[in-house]
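Here is the structure we will look at.
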């Protein structure tokens with residue numbers, strides 16, 4: 006049986022991926038938008054899902070917000086957070102702290118935690134035969150017209166090593 010996959014892009018690094026009855030939410034934070042409609046997840050968005058996993062690859066505003074812990078407790082939500090968020094997250098059994106190299110399974114979701122070229126981690130997630138990669142801060146962070154060549158070499162090496170892992 007094939008699973009329906011729907012990907013919703015919010016802004017920045019914030020995405021939601023629905024695979025069958027599983028919902029994956031990456032780098033969620035709320036951002037004030039100038040559009041007419043607010044771009045926010047609310048409790049209605051969770052109905053119908055048997056498993057909801059929220060990922061935060063880095064404990065900075067673009068990848069993490071405590072608003073994720075205000076969502077209704079009756080939903081089957083688990084949190085996979087980079088270990089640097091430990092002091093910002095509640096002590097609950099459904100909150101999992103990870104670092105590069107960890108493997109974790111939550112119901113039908115298998116997660117490999119990989120490196121990022123910047124801070125934090127990236128996630129390779131498999132659910133129902135579908136693989137999703139969320140890069141977090143994995144990017145080739147340099148600008149050729151502003152970065153010294155020797156620094157570019159180091160940044161490129163860090164990026165390509167992260168991609169190869």
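Numbering (our numbering), first residue to last: 6 to 170. Quick reminder that beta carbons are idealized off the backbone N, C-alpha and C, glycines included.
Return the Cβ separation of residue 113 and residue 136 in integer angstroms, given the expectation that the two are a contact with Cβ distance under 8 Å.
-> Counting from 1 along the chain shown, the entry for residue 113 is found at position 108. Counting from 1 along the chain shown, the entry for residue 136 is found at position 131. At roughly 13 Å, the Cβ-Cβ gap does not stay under 8 Å, so residue 113 and residue 136 are not in contact.
Roughly how many whole angstroms lie between the Cα atoms of residue 23 and residue 121?
-> For this step, residue 23 is matched to residue 18 along the chain shown. For this step, residue 121 is matched to residue 116 along the chain shown. Cα to Cα, residue 23 sits roughly 24 Å from residue 121.
Of the residues 60, 64, 65 and 165, the one placed nearest residue 99, counting alpha carbons only = Sequence index remark: in the chain shown, residue 99 carries index 94 (1-based). The residue with the shortest Cα to Cα distance from residue 99 is 60.
Does the beta-carbon distance from residue 68 to residue 134 come in below 8 Å?
-> By 1-based counting over the chain shown, the position of residue 68 is 63. By 1-based counting over the chain shown, the position of residue 134 is 129. No, these two residues do not count as a Cβ contact at 8 Å.
Could you tell me the boundaries of the beta strand (DSSP E) in which residue 34 lies?
-> Within the chain shown, the letter at position 29 stands for residue 34. From DSSP, residue 34 is part of no beta strand (DSSP E); its letter is neither H nor E.
Got a sec? Which residues, its chain only, sit under 8 Å from residue 149 by beta carbon, not counting five neighbours each side?
-> Counting from 1 along the chain shown, the entry for residue 149 is found at position 144. Answer for residue 149: 157, listed in chain order.
List the residues that DSSP assigns as beta-bridge partners of residue 135.
-> Start at 1 with the first residue of the chain shown, and residue 135 comes out as number 130. BP columns for residue 135 point to 132.
Thinking C-alpha only, which one of 47, 16, 62 and 26 is nearest residue 75?
-> Residue numbering aside, residue 75 sits at position 70 when the chain shown is read from its first letter. The residue with the shortest Cα to Cα distance from residue 75 is 47.
Within the same chain, show all residues whose beta-carbon is closer than 6 Å to that of residue 106, passing over the 5 residues directly before and after it, in chain order.
-> Counting from 1 along the chain shown, the entry for residue 106 is found at position 101. Closer than 6 Å at the Cβ level, and outside the excluded window around residue 106, lies no residue.
Consult DSSP for residue 71 and reduce its assignment to one of helix, strand or coil.
-> Residue numbering aside, residue 71 sits at position 66 when the chain shown is read from its first letter. In this structure, residue 71 counts as helix in the three-state DSSP scheme.
Distance CB(residue 80)-CB(residue 116) smaller than 8 Å = For the purposes of this step, residue 80 is taken as residue 75 along the chain shown, with counting starting at 1. For the purposes of this step, residue 116 is taken as residue 111 along the chain shown, with counting starting at 1. No, Cβ-Cβ distance for residue 80 and residue 116 is not below 8 Å.
Between 36, 20 and 35, which lies nearest to residue 29 when the distance is taken from Cα to Cα?
-> As a working mapping, residue 29 is identified with position 24 in the chain shown. That would be 20, whose Cα lies nearest to the Cα of residue 29.
So what does residue 102 bridge to, in DSSP terms?
-> As a first step, residue 102 is located in the chain shown; it is residue number 97 there, counting from the start. Looking at the DSSP assignment, residue 102 forms a beta bridge with 86.
Is any heavy atom of the ligand FMN found at a distance shorter than 7 Å from the C-beta of residue 70?
-> Summarising the ligand content, the structure contains no ligands, and the ligand FMN is consequently not present.
Ordered along the chain, which non-local residues of its own chain (more than five positions away) have a Cβ less than 6 Å from that of residue 31?
-> Within the chain shown, numbered from 1, the residue matching residue 31 stands at position 26. Around residue 31: 20, 60 and 139.
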